[in-house]
Amino acid sequence: MTRPLLLLLFLLATAGPAWAALPPLSDAERQAESEVIVRGEIMSIEAREKLLKAGSSNLEMILTIKIKECLKGGLEVGSVVMIQCWVAQERPEGWAGDGGQRPKPLAGDEGTFYAKDRGGKLHLLHPNGWDAQ
Numbered sequence: 001m002t003r004p005l006l007l008l009l010f011l012l013a014t015a016g017p018a019w020a021a022l023p024p025l026s027d028a029e030r031q032a033e034s035e036v037i038v039r040g041e042i043m044s045i046e047a048r049e050k051l052l053k054a055g056s057s058n059l060e061m062i063l064t065i066k067i068k069e070c071l072k073g074g075l076e077v078g079s080v081v082m083i084q085c086w087v088a089q090e091r092p093e094g095w096a097g098d099g100g101q102r103p104k105p106l107a108g109d110e111g112t113f114y115a116k117d118r119g120g121k122l123h124l125l126h127p128n129g130w131d132a133q
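Quick note on our numbering: the sequence shown kicks off at 1 and runs consecutively.
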């Protein structure tokens, strides 16, 4: 075999684990990394498709959540908060990698949401930034 072919085979053999899905955060990690933790109901979801390369796309979502209880971050019960996240939408056959938020949130879902402020916008921790109730 030629040297470039051997190098290519080596890279393909070792790159797989780096492209695999992210392991879930532990409860302790979610508590420590969150700036906001609320329990509430997803009242609505604004979603848009973001096209990526090679026939891939993500669904970027803004969740509007009515707060039933604030566990961290000082938000008011009864108010609404908007939290962003994403999920993988289209992927090529045989693809393996990060699939975004797990499980995918749906309007009407109730749960506990773990979020971090990024530039004035709240984002669910990744990949498991919420627990359904």
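By construction, the Cβ of each residue, glycine as well, lies at the ideal position given by its N, Cα and C atoms.
- From the DSSP output, which residues share a beta bridge with Q84? I62, H123
- Does the beta-carbon distance from G40 to K66 come in below 7 Å? yes
- Query: Rounded to the nearest angstrom, how far is the Cβ of L59 from that of Q89, given a contact under 8 Å?
  - Reply: 4 Å
- Query: Among G120, C70, A54, L125, which one has its Cα closest to the Cα of E142?
  - Reply: It is not possible to answer for residue 142, since the shown part of the chain is limited to 1 through 133.
- Query: Is it the case that the Cβ atoms of D109 and I42 are separated by a distance below 7 Å?
  - Reply: yes
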